[in-house]
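Numbering (the working numbering), first residue to last: 3 to 119. Quick notes on the structure that follows.
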Amino acid sequence: MDVVINVFVGLHIIGIAALLGGFLTQMKAMGAGTARFVPAMLHGALTMLVTGIVLVGLNQAEGHTLNNIKIGIKMAVLVVILALVYVKRDEETVAKPVFATVGGLTVANIFIAVLWT
3 MDVVINVFVG LHIIGIAALL GGFLTQMKAM GAGTARFVPA MLHGALTMLV TGIVLVGLNQ
63 AEGHTLNNIK IGIKMAVLVV ILALVYVKRD EETVAKPVFA TVGGLTVANI FIAVLWT
């Protein structure tokens, strides 16, 4: 079961890389006011959501102790990110504050995952 959990952790990391990478590739465009949400950002957020839910289930099945408050906060942040990206995905340009919010929430989610023990 540990191998399966580690595979889903890897997929979860790939999802965060797609979301953050999509944001970082649009940073210059954000400065020019022409940033948009690329498909990789939506797919990365969806990957994170699905793999995160699977990881919670697998860890509970293994009997591991989970920090449900941390998981709930991370999921809430991810749902906000996903909602923003999904709603604005077809727009040619996204306002700087909305785009920056997605980037900030993505980085916040990473730090919640790493620093909250």
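Virtual Cβ for every residue (Gly too), placed ideally from N, Cα, C.
Check: Using only CA atoms, which one of VAL9, HIS45, GLY12 and VAL11 lies nearest to VAL87?; Outcome: HIS45
Check: If you draw a straight line from the alpha carbon of LYS30 to that of MET50, how long is it in whole angstroms?; Outcome: 25 Å
Check: How far does the alpha helix (DSSP H) with ALA19 in it extend, from its first residue to its last?; Outcome: 4-27
Check: Pick out the complete alpha helix (DSSP H) segments inside the segment 55-105, 4 residues or longer, and give them in chain order.; Outcome: 70-90
Check: Roughly how many angstroms lie between the CA atoms of ILE186 and MET77, to the nearest whole one?; Outcome: Given that the chain is displayed from residue 3 to residue 119, the structure contains no residue 186 and the question cannot be resolved.
Check: Ordered along the chain, which non-local residues of its own chain (more than five positions away) have a Cβ less than 6 Å from that of TRP118?; Outcome: LYS72
Check: Using beta carbons (cut-off 8 Å, strictly below), is LEU80 in contact with chain B?; Outcome: The structure shown contains no chain B; it is built from a single protein chain.
Check: Which value, in whole angstroms, describes the spacing of the CA atoms of GLN8 and GLY24?; Outcome: Here the sequence assigns Asn to residue 8, which means Gln is not the residue at that position. Taking the straight line from one Cα to the other gives about 24 Å.
Check: Quick check: the Cα distance between VAL58 and ASP4, rounded to an integer number of angstroms?; Outcome: 13 Å
Check: Touching or not, the segment 14-21 and the segment 60-69, by the rule of three or more beta carbon pairs under 8 Å?; Outcome: no
Check: Between the beta-carbon of GLN28 and the beta-carbon of PHE113, is there less than 8 Å?; Outcome: no
Check: Of all the options VAL52, THR103 and THR36, which has the alpha carbon lying nearest to the alpha carbon of VAL96?; Outcome: THR36
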